[in-house]
Amino acid sequence: MALFDQMNVYNEPVRIGSIRILGVSSSSSLLIGDTQSMTLYSYFDTPPESVIVGPLAPLPALPEEGE
Amino acid sequence: MRSRVSAVRCVDVNTISNAGILAIGDNRDGAKLNSRVLAVQRSLATFGNDEFRLEFYSLFARPLPIAPPPPGPPALFFSACAPIEIGSVDVTGISAASHVRIGCGGPETAETRIVNIRNRIPGIRPQVEVDNK
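Residue numbers (our numbering), protein chains in the order written: chain A, 1 to 67; chain B, 1001 to 1133.
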């Protein structure tokens, strides 16, 4: 049995002087206020196989001789 | 519907890009952000290959995680006569499915998937000047 059946949230006034942020990036959020729900994702797929150092790229075909 | 009066004296935002949002005030429908990025940097271009379709990469086929329902009893929010007063907001950049909101809103949904392929061949200078870091 739950301790209570409902929760009441009273939002009081918000007063902010100054905010200084360099960057908000990659599914990030700066929220001054209220929200019911928030869902954020972020993927970054570079290492290890995405950085290839070596002669693995297909080279362009050599020009035909006599052209 | 939750509602609050939002007052901002000064907002200074330099750049908003790649599905970024700056919202001041209430929003009933929330925000749904989406940014899918594929960046390729090669020493030699391979124009013959079709490698720029996002479905070729497993990162974009990965299922999104599903958040469990919030625990506990349901909540009721009361925001009457609760203003939001802000002096100044200074944000240099909002990018890649990010958002800055001053006020009430939601549900907020975002998604960012980035594949960054860099193919550097030693000894070959790229035909276009690039910064291989």
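The beta-carbon is built from N, C-alpha and C at its ideal position, and this holds for glycine as well.
- By the rule that beta-carbons nearer than 8 Å mark a contact, A/E64 does not touch chain B.
- Nearest to B/S1003 by C-alpha distance, out of B/C1010, B/L1022, B/N1116, B/G1103, is B/G1103.
- In summary, B/T1092 is exposed, with fewer than 16 beta-carbon neighbours lying within 10 Å of its beta-carbon over all protein chains present.
- Where A/F44 is concerned, the enclosing beta strand (DSSP E) starts and stops at 43-45.
- Residue state for B/F1077 is assigned as strand, using DSSP reduced to three classes.
- B/R1113 counts as buried, since no fewer than 16 other beta carbons sit within 10 angstroms of its beta carbon.
- Apart from sequence neighbours up to five positions away, no residue of its chain approaches B/F1047 with a beta-carbon distance below 7 Å.
- Here B/R1101 has A1023 as same chain residues with Cβ atoms under 6 Å from its own Cβ, once five neighbours each way along the sequence are excluded.
- The C-beta of B/F1056 comes no closer than 8 Å to any C-beta of chain A.
- Taking all protein chains shown into account, A/S18 has fewer than 16 neighbouring C-beta atoms within 10 Å of its C-beta and is therefore exposed.
- When A/M38, A/E64, A/S42, A/M7 are compared, the shortest CA-CA separation from B/A1067 is found for A/M38.
- The beta strand (DSSP E) runs of length 3 or more contained entirely in the segment 1016-1066 of chain B are, from start to end of the chain, 1021-1024, 1035-1042.
- B/I1086 has A/I16, B/V1008 as its beta-bridge partners, per DSSP.
- Against B/E1111, the close residues of chain A are S27, Y41, in the order they occur along the chain (beta-carbon pairs closer than 7 Å).
- Within the DSSP bridge table, the entry for A/L22 names no partner.
- Taking every protein chain shown into account, the CB of B/N1014 has fewer than 16 other CB atoms within 10 angstroms, so this residue is exposed.
- DSSP, reduced to helix, strand and coil, places A/D5 outside both helices and strands of the structure shown, so it counts as coil.
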